[in-house]
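Residue numbers (this note's numbering): 1 to 205. Notes follow the structure.
Put into structure tokens, the structure is as follows:
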């Protein structure tokens, strides 16, 4: 199982990071190792190598078929479920790496940095590009997104990454975060929702 993720896929998030409503020419893809996966409501422990660990709330797509070089018009056949996930980011390290032109792996792929909730069958949801989602911390909504605002749609992403990686059953695709990211703190309670359906629920330690 591999975890693929998309950077800079919402214009307003790009502005909050870089000050511009930037759209990349092609999707920005990075990977996380399987040791990054955090599931089943287990707590997230803030690592000691970062002074600012940010949440990034995202829709996560579950791959259900083996595929390579998938045409965009057939991409919908290759995923069967969606959930809310958190792409935890060591923001201070990311700033340092970006300034120095270095890879993102250490600030994005550390242990437990890919939290996921319970999956919802895509058949239970509207069009994949019409899904609202949000994150609550301690009962207050801190980040909201709508899949229709993605710069690159889900089917485009599936087609694009399958040019480089053979997609396998159980692979996960984090589709990018909207604006509103921020740091987590010890003792916080995080809950993620698709529409008004709670799918993610865990604590920060």
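Each residue gets a CB set at the ideal place from its N, CA and C atoms; glycine is no exception. Since we're looking at a predicted model, the values are computed, not measured.
(message) Please state whether the Cβ-Cβ distance between residue 130 and residue 153 is less than 7 Å.
(response) No, these two residues do not count as a Cβ contact at 7 Å.
(request) Check whether the Cβ atoms of residue 144 and residue 134 sit closer than 7 Å, and answer yes or no. (result) Taking 7 Å as the Cβ cut-off, residue 144 and residue 134 qualify as a contacting pair.
(message) Taking DSSP's pairing of strands, which residues face residue 60 in a bridge?
(response) Answer by DSSP bridge pairing, in chain order: 83, 174.
(request) Can you tell me which of the three DSSP states residue 116 falls into? (result) Here residue 116 sits in strand by DSSP.
(request) Measure the Cβ-Cβ separation of residue 204 and residue 186 and say whether it is below 7 Å. (result) With a cutoff of 7 Å on beta-carbon distance, residue 204 and residue 186 are scored as near each other.
(request) Measure how close the beta-carbons of residue 132 and residue 10 come, nearest whole angstrom, since I'm counting them as under 8 Å. (result) With 8 Å as the limit, residue 132 and residue 10 do not qualify as a contact, their Cβ atoms being about 13 Å apart.
(request) Apply the 10 Å Cβ neighbour rule to residue 94 and answer buried if 16 or more other Cβ atoms are within range, or exposed otherwise. (result) By the 10 Å Cβ count, residue 94 comes out buried.
(request) Please state whether DSSP places residue 132 in a helix, a strand or coil. (result) Per DSSP, reduced to three states, the secondary structure at residue 132 is strand.
(request) Determine, using beta carbons only, whether residue 116 and residue 85 come nearer to each other than 7 Å. (result) For residue 116 and residue 85, yes; Cβs fall inside 7 Å.
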